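Numbering (my numbering), first residue to last: -8 to 54.
Here's what the structure looks like:
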């Protein structure tokens, strides 16, 4: 599990594939992986309504 601070009004892309070099945020590494492996990974988009700390987790991330 990763804890991140998100800021009111900002858009965030959270990694769902586990390939990002900047976990828990997405760096679009899934795009190349999708092309090479015929998969359909996408990032999870969130827009913060308030500035808060959140916990994020994915079974695809190595602990």
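Yeah, the Cβ is synthetic: ideal placement off N, Cα and C, and Gly gets one too.
Quick caveat: nothing in here was measured; it's all calculated off a predicted structure.
(message) Does residue -2 pass the burial test, meaning 16 or more other C-beta atoms within 10 Å, or should it be called exposed?
(response) exposed
(message) So, at 6 angstroms on beta carbons, what are the nonlocal neighbours of residue -4 in its own chain, with the 5 sequence-adjacent residues on each side left out?
(response) 44
(request) Could you give the DSSP three-state label for residue 32: helix, strand or coil? (result) coil
(message) For the beta strand (DSSP E) containing residue 13, name the first residue and the last one.
(response) Per DSSP, residue 13 belongs to no beta strand (DSSP E) and is neither H nor E.
(request) Can you have a look at residue 34 and say buried or exposed, based on whether 16 or more other CB atoms are within 10 angstroms of its CB? (result) buried
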